[in-house]
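Q:
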Amino acid sequence: MSRKLLVETSDKGRSVIDYASLTMREIERRISSYEKKYGMPFSSYRRQFDCDSALPWESGDLIDWESLVQERKARHPRANGRKQLAYGKP
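If you want my numbering, it's the 1-based position in the sequence shown plus 76.
Below, the structure is given as structure tokens:
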């Protein structure tokens, strides 16, 4: 199943991000950009995220970042931080 995100802005209107159409290079670049912006990996950011005090663009960043991480994991199960043992058993 492909992850898609509908983004609506006042200046650009509607656009759809289809994560399955992104190259791994683009996914890694965008994940790295979020890690630099927030100074931590996604797992840490998600744990400390507070939707009650977050700005609207921070919520959008969270959704986009999570989708990028999920797409990376779907393509490369080893990207989730666990080592694979022989015969694909974790």
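Ideal Cβ placement from N, Cα and C applies to all residues, glycine included.
Give the straight-line distance between the Cα atoms of L81 and R148, rounded to the nearest whole angstrom.
A: 16 Å
Q: Determine the DSSP secondary structure at S78, reduced to helix, strand or coil.
A: coil
Q: Measuring straight from C-alpha to C-alpha, what distance separates M116 and D126?
A: Roughly 15 Å separates the two Cα atoms.
Q: Could you work out which residue in S91, V145, G89 and D94 is closest to R122 when comparing CA atoms only?
A: Ranking S91, V145, G89 and D94 by Cα distance to R122 puts V145 first.
Q: Give, in chain order, every unbroken run of the beta strand (DSSP E) that is at least 3 residues long and sits entirely within the region 96-165.
A: none
Q: Using CA atoms only, rank isn't needed, just tell me which of R79, A150, R151 and E142 is closest to E111.
A: Proximity to E111 across R79, A150, R151 and E142 peaks at E142, based on C-alpha coordinates.
Q: For A162 and P153, I'd like the C-alpha separation in whole angstroms.
A: With a pLDDT of 43 at A162, under the threshold of 50, the predicted position of this residue should be treated as unreliable, though the coordinate-derived value follows. Roughly 14 Å between the two C-alpha positions.
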